[in-house]
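**Student:**
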Amino acid sequence: MIAIVDYGAGNLFSVKNALDFLGFESAITSERAALSRADKLILPGVGAFPDAMRKLEAAGLSEVIAREAERKPLLGICLGMQLLFDWGFEFEKTRGLGLIAGRVDLIEAPGLKIPHIGWSDVKRAASCPLSRGVKEGDRLYFVHSYKAVTDMRHIALYAEYGDLVPGLVFRGNVFGCQFHPEKSGAVGLGVLRNFCELE
Amino acid sequence: MLAKRIIPCLDVRDGKVVKGINFVDIKEVGDPAECAIAYDAQGADEIVFLDITATHEGRGTMAEVVRKTAKHVFVPLTVGGGIRGVEDFRALLRAGADKVSVNSAAIKNPELISEAAAQFGSQCVVVAIDAKGDGAGRYRVHIHGGRIDTGLDAAEWAREAERRGAGEILLTSMDTDGTKNGFDLAMLNAICAAVRIPVIASGGGGKISDFTEVFRETDADAALAASIFHYGELSVMDVKTELARAGIPVRLL
């Protein structure tokens, strides 16, 4: 069973719909025990970094997620992906979950529109089980104003928008998609399927 | 490179798809979820449901339409029409909408934009602006399906919407809407110059060349159209194939 972490931020239902469509059992939950029992965790999220971290901490979930991520696959989506890093700089400096080394900064894209909204083509970088089947030039749906800054060895897919925008990041069992795999058509569903099929 | 988006719009009344010509004269056809699935298969980059009569006749069955659609369609879904407050945002987002577009209610209470952006994030707040040219290069915002002239300047209003946290502007030209004679390039240029958030062009898309033109001549990020797709005159993929041929970046399936 895949637990979709409910901490009051994000469109949990879209992720659930996509997993249902793909035929993987999942549950939306905020119960710590359910996160411990689950085979995999998905951390969704839209909104702002500081608010999301406060909600996770208030619900007593940040510790559980960090602990469980040591023994089972975790996928953060959009803001949920950004929370995997050490620090966020949206509005104020905020400590993240610290599961992947790096920080989250405002996109610097002189002359381009902010937020970065829409279907950007991606390039492949480090080899990762989740990007299996994604080809160079495939387009995925992004909606964000902040981006991860991390080492290239953690970046499996990236877009170019002003500068390099990590699309799929990972470290061991911890994965993060800046794009919305549940809203990126067949290519996105393929990434989600890869995650669901991880051992 | 970011793709230019093609967005079919489904006008929905009482849970059924309709299409208005110049906002009046309505013909009823089809199930919204079925239409959305068909558009997704044609390569729609996003799908908009517009609850066209909600402003006068109260909330329809939109949440149910969205719930049903979101189980089968995995591209962004935007819902607009008759949104009054933050509660409407919540209900539609919970039903599976990714964005909610707000029009008249934001004019009456601009604070709604700020509240929705703070609670749900800017990414889901689309401010829809219906505007009409004054013949002197300025554009006035109209509400209630175009019946009331607010006197507001569209560029100023777009700037305020951006400042309050809107993630996108959906700009409909009342001068070109329903004409199928092409998008309102001058109005789009005026609004694109006023804001840094993405602008969706709406009103007037009637043939393939209208779409190539709008992306060549303006900074619009997306183009929305209803009837040409709805009546099957063109498929979404017909338009995107031609855009790709013209060197405009699009998502091909």
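Chains as they are written, first to last, in the working numbering: chain A, 5 to 203; chain B, 1364 to 1616.
C-beta atoms are modelled at their ideal positions from N, C-alpha and C, and glycine is treated no differently.
The structure presented is a predicted model; accordingly, all values stated were derived computationally and were not measured.
Would a check of beta-carbon distances place E186(A) closer than 9 Å to chain B?
**Tutor:** yes
**Student:** Can you tell me whether C200(A) is buried or exposed, with buried defined as 16 or more other CB within 10 angstroms of its CB?
**Tutor:** buried
**Student:** Sorted by chain position, which residues of the same chain lie with C-beta nearer than 6 Å to R136(A)'s C-beta, five sequence neighbours on each side aside?
**Tutor:** N198
**Student:** Taking 9 Å as the threshold (C-beta atoms), are I1470(B) and W1520(B) in contact?
**Tutor:** yes
**Student:** Which residues in the same chain as F23(A) place their Cβ atom closer than 6 Å to its Cβ, once the five residues preceding and following it in sequence are excluded?
**Tutor:** Note that residue 23(A) is Leu in the sequence shown here, rather than Phe. Counting only Cβ-Cβ distances below 6 Å, and skipping sequence neighbours, we find S30.
**Student:** Starting from the beta carbon of A152(A), find every residue of chain B whose beta carbon is closer than 7 Å, and list them in chain order.
**Tutor:** Taking a Cβ-Cβ cut-off of 7 Å, A152(A) has no neighbours in chain B, whose nearest Cβ is about 17 Å from it.
**Student:** Would you say I121(A) lies against chain B (beta-carbon separation less than 9 Å)?
**Tutor:** yes
**Student:** Which residue from A1529(B), R1457(B), D1573(B), V1488(B) puts its Cα closest to that of V1558(B)?
**Tutor:** Cα-wise, what sits closest to V1558(B) is A1529(B).
**Student:** Using only the alpha-carbon positions, how far apart do A1468(B) and D1414(B) sit?
**Tutor:** Across the structure, A1468(B) and D1414(B) are spaced so that their CA atoms are roughly 14 Å apart.
**Student:** Mind listing, in chain order, the continuous alpha helix (DSSP H) runs of no fewer than 4 residues lying wholly within the segment 1465-1545 of chain B?
**Tutor:** 1467-1471, 1474-1483, 1517-1526
**Student:** Is it the case that the Cβ atoms of R1430(B) and A1399(B) are separated by a distance below 9 Å?
**Tutor:** No, the pair does not count as a contact, with Cβ atoms beyond the cut-off.
**Student:** Answer yes if the segment 57-74 of chain A comes into contact with the segment 1369-1379 of chain B, meaning at least three C-beta pairs across the two stretches below 8 Å, and no otherwise.
**Tutor:** no
**Student:** Using the Cα positions of F1592(B) and S1598(B), report the straight-line distance between them to the nearest angstrom.
**Tutor:** 6 Å
**Student:** What's the C-alpha gap between D1584(B) and V1488(B)?
**Tutor:** Answer to the nearest angstrom: the Cα atoms are 16 Å apart.
**Student:** So, A1433(B) versus N21(A), is the Cβ gap smaller than 9 Å?
**Tutor:** yes
**Student:** With F25(A) as the anchor, note down where its alpha helix (DSSP H) starts and where it stops.
**Tutor:** 16-26
**Student:** Which residue comes first and which comes last in the alpha helix (DSSP H) that contains F67(A)?
**Tutor:** The residue asked about is misnamed: residue 67(A) is Glu in this sequence, not Phe. 65-72 is the span of the alpha helix (DSSP H), which, as asked, contains E67(A).
**Student:** Excluding five sequence neighbours on each side, which residues of the same chain lie with their C-beta closer than 6 Å to the C-beta of E1478(B)?
**Tutor:** V1449
**Student:** Of the residues G192(A), P185(A), R175(A), which one's Cα is nearest the Cα of L78(A)?
**Tutor:** R175(A)
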